[in-house]
Amino acid sequence: MGLFGQTTGGDSSSPLLPFYQVAAHTATAGPSAFISNRKCGRLIPRCLLLLFLLFFLMLFSSTFLYLPDISSKVQSVGKDFLVPDAGGQSHQIRRPRNQLPMPGHDHAATGNEGRIEGVLDGKVHPADENRGGEEGVKPLDGPVSTSTAAVSDVETKRRQKQIVKMMKHAWDNYVAYAWGSNELRPISKRGHNPSIFGRAKFGATIVDAADTLYLMGLMDEFKAARDWIASNLNVSQSDGEVSVFEFNIRYIGGLLSAYALSKDKMFLDKADEMANAVLPAFDTPTGIPYAVIDLKSKKSKNYGWASGSASILSEIGSLHLEWAYLSKMTGKTVYREKIDRIRNHLANIDKPKGLYPNYINPQTGKWGQVHVSMGALGDSFYEYLFKAWLWSGKTDSQAKEMYDTAMMNVELQMLKTSKGGLKYFGEYTNGRIEHKMDHLACFVGGLYGLSAPYAKDPDHYNMMGREITRTCHESYRKTATKLGPEAMRFADNVEAEGTRPNDKSYLLRPETFESYFVMWRMTKDPKYREWGWEAAQAIETYCRADFGYSGVKDVYQESPIPDDVQQSYFLAETLKYLYLLFSDDDVLSLDKWVLNTEAHPLPVQNPA
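1 is the number of the first residue of the sequence shown in the UniProt record's numbering; add one for each residue after it.
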């Protein structure tokens, strides 16, 4: 079928075709479709010339007399009018010749073949009524807009749709085999409840995935998540100790994001309930919270393995976005007071060589072991300094000054360049550098890119964003699976490679894709989209199971063993960043939204 339902076959009785098909159709059929060659053979050359002229006269007049009136349609069509829509075999996923087919890949329609939804002018735009199909996607009842955001081109649109299919595969199997559990084991088809969430089934994946479902226009799925949260997410049902940090970035952050997007106050009320439940962890002489709390007994403590039973820098420094927004939305000043006390202590304490060590004692307020990293234990502290300034509408000058100074000193003490020219941040311990960078630190490329326009030396920050992101991409490129290792090392004969057993896993992590997304938005260099697409295909090839997605234990093996865990952040972060990478800039505009360290978007306050 052609546009407007016309048949595109060679029958001369068929209705006339739209413009982009007319030329191809008549070029194939030629004059013989209108004049019999057998009759023309009996005519003298002069008659042939006359008939030839008559033919062109008829063809010219039919263009004006018999074409259908499409003027009303032309006003409403977009850029797909002159280009057929993506679909069919010619638009299947393109794989390099040496890449394995995607297991379980299906090119059938998924109900997501209509317009691509997004966020325009700070408002979310879910799918329209044409997005039904077999998934039955419908806009949620409530205060949302009905406009849509188009993707730049057909290929990018197709890639974005594939990410939505990946989300559906992850979500549907979680629903089928682990509903209510914190995470899914996709190989053994059962729930997974890691200790960071306590012993109860607390629906971490449901809360973490809700805003991604909303952004992708999967409204039936979002409503199912919303209903479970309303009925089942209760602090009174918790059992055991939970991580204050994970509870904040996943639950409180996820609930606040769902509220900001949907304006459903139930989410705000639940976030308030969750934050109130962990307040006892802040009852220390310094106001620096403990790492874990038993939500029933209200007893809290730090991890036994932490230096001197200290609190962790990345954990105490990754509360500001959520608690500042929660305080503003609820009018409860207690949340703002807690985070301001932490910030002020960190701003005023002496710092060795201007660095922020990863361990700090909540009783004395003093640093523990002088270990500094941009990866595990340190990472999101630096992220939240800059993002707190952005979120405040660029008014939180304390946060910006702390960020600028911290990044300057980290570069002076920890930035290294390998023999092959790759830049990386080593880990600093008592004046010595370990030449290792975690996958967790791969967000730093995007952080540099995001903050470059506001830096004293924007060119330097842009360069750092490009170079750190390139290093992380190189760690992916060097593996058999094209997935990145958990940690990369640098030595005489090693460049961005995991060399120890614990280095070699891929846990469905998002940090590299976060940098691809931000660097694409800030530079428009197409390589970031290509790198993201390479990674998406690698995930499909090596992480996709029949019943979800699993991490793998060794990215350097051509047939890696799965770890049988579909992390909740895979739905919250990894797939969200890939989706946004293939979306236009007005889909979750970085001028109007700030993403927390779990990729939960919060609206910027009074954006310029």
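Where a beta carbon is used, it is the ideal one built from N, C-alpha and C, also for glycine.
Limits of the beta strand (DSSP E) - the one that residue i falls within
i	result
residue 434	432-434
residue 555	First-last for residue 555: undefined, no H or E at that position.
residue 293	292-294
residue 458	First-last for residue 458: 458-477, but that is the alpha helix (DSSP H), not the beta strand (DSSP E).
residue 423	423-425
residue 497	494-497
residue 594	593-595
DSSP state of residue i mapped onto helix, strand, coil
i	result
residue 176	helix
residue 375	coil
residue 367	strand
residue 489	strand
residue 284	coil
residue 305	coil
residue 577	helix
residue 360	strand
residue 169	helix
residue 583	coil
residue 159	helix
residue 153	coil
residue 481	coil
residue 392	coil
residue 336	helix
residue 380	helix
residue 114	With a pLDDT of only 31 at residue 114, under the threshold of 50, the placement of this residue in the model should not be trusted; the figure read from the coordinates follows. Reduced to three states, the DSSP call for residue 114 is coil.
residue 275	helix
residue 319	coil
residue 343	helix
Alpha helix (DSSP H) segment containing residue i, residue limits
i	result
residue 262	253-262
residue 533	527-542
residue 405	397-414
residue 349	First-last for residue 349: undefined, no H or E at that position.
residue 449	444-451
residue 570	Element bounds for residue 570: n/a, residue is neither H nor E.
residue 521	511-523
residue 419	Careful: residue 419 lies outside any alpha helix (DSSP H) and carries neither H nor E.
Beta-carbon proximity of residue i to residue j, cut-off 8 Å
i	j	result
residue 347	residue 402	yes
residue 396	residue 388	yes
residue 511	residue 442	yes
residue 181	residue 173	no
residue 382	residue 447	yes
residue 542	residue 597	no
residue 254	residue 220	no
residue 357	residue 284	no
residue 572	residue 483	no
residue 319	residue 339	yes
residue 517	residue 156	no
residue 256	residue 277	no
residue 308	residue 368	yes
residue 416	residue 424	yes
residue 291	residue 244	yes
residue 600	residue 531	no
residue 465	residue 408	no
residue 496	residue 471	yes
residue 209	residue 225	yes
residue 170	residue 214	no
Bridge-paired residues (DSSP) for residue i
i	result
residue 562	552
residue 545	548
residue 312	359
residue 602	594
residue 506	552
residue 438	487
residue 589	Answer is none; residue 589 lacks a bridge partner.
residue 428	372, 433
residue 327	Answer by DSSP bridge pairing: none, since residue 327 is not bridged.
residue 300	293
Cβ of residue i within 8 Å of any chain B Cβ
i	result
residue 188	No chain B appears in this structure, which consists of one protein chain only.
Write down every uninterrupted run of the alpha helix (DSSP H) in the region 173-256 whose length is 4 residues or greater and which is fully enclosed by it, in chain order.
The alpha helix (DSSP H) runs of length 4 or more contained entirely in the region 173-256 are, from start to end of the chain, 204-215, 219-232.
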